[in-house]
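K.L.:
The structure is given below, and queries will be raised subsequently.
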Amino acid sequence: MLTKADDFPIHQTPEPIAYSGSDRNFYDRYFFNGYTRDGEVFFAAALGVYPHLNIMDASFCVVVDGVQRNLHASRFLNMERMDTQVGPISIEVVEPLQSLRIRVADNEYGIEADVTFSGRAPALEEPRFTRRNGPRMLMDLTRLTQNGTYEGWIKVAGRRIEVRHEDYLGTRDRSWGVRTIGAADPQPMVPAMPFQLYWLWAPLNFEDRITLFHVMDDEHGEAWNLSGVMCGLGRDAAPQVMDRVRSEMQFVPGSRHAKSASIFFETRQGEKTRIDLTPKWNFYMMGLGYAHPEWGHGAHNGDNALGYEEIKLADVTGFAPPHLHIQAFCDARMTLPDGSQREGVGVLEQLVVGPHAPSGFKDILDPAK
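Going by the working numbering, the sequence shown runs without a break in its numbering and finishes at 370.
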């Protein structure tokens, strides 16, 4: 079947673009977050394409006055990937690898938006994520991440919020490949293997630079995917990939969420940088479909479906799904090799499931002591 994308010179197999190999878990996804420097306003957006499920879904979330408002939309893909609109939510690539526009049209739930992301540093390719669970591929994906600013406006709860690039920072990513989507596998691998994931991701914005950090640990605390990058501003800035990277986490007792965290970078020349993170409050990733009981990635909700919910942040006291996966809005303090310091902001994404020896976790969701 031919689609609009087939008129562009982007093919990498003899097949039309509509066909994406044989793995039903193939996906292609946009993610954005944006925030004021004081964290008083935070928003996030995502749009996912699931070719083998023939579904496209999207979400837009706003956190203001202690309430997280989540708008969800889903439709049938009809094999056409170039139409990146789901209900009222749309994504437009204005300039590849530099500028993208998010729009939320008028809808029954009172959330509207028109904000444009502009990169303040180049888009950076993260190391490829490849992980098996026994003989079965659990994930195999590529992601690019880019820090930037936003310009535009948001309407929520009867209030119009002006978004200006000097006030609003944030991060976007694009990922594609294979990871679990849609309905659960009716016949999982035998014998059953316990699920384990230790995931931290921290894209941070400072006045004169950006930093990126992520780690995927196994149950022993051995990193199977790890990266730390520092980069100056401007689309032509050259990223500095760190030679050695590690992190330390202090958990809130009774949870699996960070009380504080530190990231340590070291260059090949032995120059050391330390970044200390202080979480202020949590954004719940269920708003973007992660572990959502109804609006999960690739879930079949019918054609042209729309949904909404609100979360009062102060009312969330537990950490079990769907409140386990978070992005904590953080103040950041960077100490450079010469002892000088920089203040910044960003998020620390956290998803910690199953055993992790360095943290003292032994079971699927036992809390920190």
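We put the beta carbon where it would ideally sit given N, CA and C, even for glycine.
Rounded to the nearest angstrom, what separates L234 and N79 at their Cα positions?
P.N.:
Taking the straight line joining both Cα atoms gives about 40 Å.
K.L.:
Taking only the alpha-carbon atoms, compute the straight-line gap between I162 and P15 and give it to the nearest angstrom.
P.N.:
Taking the straight line joining both Cα atoms gives about 47 Å.
K.L.:
Who are the near neighbours of V94 in its chain, counting only those whose CB is closer than 7 Å to its CB and skipping five residues on each side?
P.N.:
L101
K.L.:
Specify the secondary structure class of D8 as computed by DSSP and reduced to three states.
P.N.:
Three-state result, D8: helix.
K.L.:
According to the neighbour-count rule (16 or more other Cβ atoms, all chains shown, within 10 Å of its Cβ), is E208 buried or exposed?
P.N.:
With fewer than 16 neighbouring CB atoms inside 10 Å of its own CB, E208 falls in the exposed class.
K.L.:
How close, in whole Å, do the beta carbons of R132 and W225 come, if the pair is a contact with beta carbons under 8 Å?
P.N.:
7 Å
K.L.:
Can P195 and G355 be called in contact, C-beta distance under 8 Å?
P.N.:
yes
K.L.:
Quick check on DSSP: helix, strand or coil for M286?
P.N.:
Helix.
K.L.:
Evaluate the contact criterion for the region 334-349 versus the region 288-296: three or more CB pairs, one atom per stretch, below 8 Å.
P.N.:
Verdict: no, contact absent.
K.L.:
Checking 8 Å against the spacing of the C-beta atoms, do G271 and D58 come in under that value?
P.N.:
Against a cut-off of 8 Å, the Cβ pair of D58 and G271 comes out as no contact.
K.L.:
If you reduce the DSSP assignment to three classes, tell me which class D316 lands in.
P.N.:
Three-state DSSP puts D316 in a helix.
K.L.:
Give every residue of the same chain whose Cβ lies closer than 6 Å to the Cβ of R173, excluding the five residues on either side of it in the sequence, and list them in chain order.
P.N.:
F33, F118, Q147
K.L.:
Are the beta-carbon atoms belonging to N134 and L170 less than 8 Å from one another?
P.N.:
no
K.L.:
Look at G88 and D115 and say whether their C-beta atoms are less than 8 Å apart.
P.N.:
no
K.L.:
Within 8 Å, do at least three Cβ pairs link the region 363-370 to the region 249-257?
P.N.:
Touching, yes.
K.L.:
Exposed or buried, what is G303 when buried is set at 16 or more other beta-carbons lying within 10 Å of its beta-carbon?
P.N.:
Result: exposed.
K.L.:
For I182, I'd like the list of residues in its chain whose CB is within less than 6 Å of its CB, leaving aside the five on either flank, ordered along the chain.
P.N.:
N26, Y28, Y51, H298, G299
K.L.:
For D332, collect the residues of the same chain with a Cβ closer than 7 Å to its Cβ; drop the 5 residues on either side in sequence, then sort them by chain order.
P.N.:
T279, K281, V346
K.L.:
Name the DSSP beta bridge partners of P204, please?
P.N.:
L213
K.L.:
Going by DSSP, what residue range makes up the beta strand (DSSP E) through D29?
P.N.:
27-37
K.L.:
According to DSSP, simplified to helix, strand and coil, what is A358?
P.N.:
For A358, the three-state secondary structure derived from DSSP is helix.
K.L.:
Counting only runs that start and end within the region 216-276, where is the beta strand (DSSP E) found for 3 or more residues in a row?
P.N.:
224-232, 245-252, 259-267
K.L.:
Taking the CB atoms as reference points, tell me whether L349 and A262 lie closer together than 8 Å.
P.N.:
Taking a C-beta distance under 8 Å as the contact criterion, L349 and A262 qualify as a contact pair.
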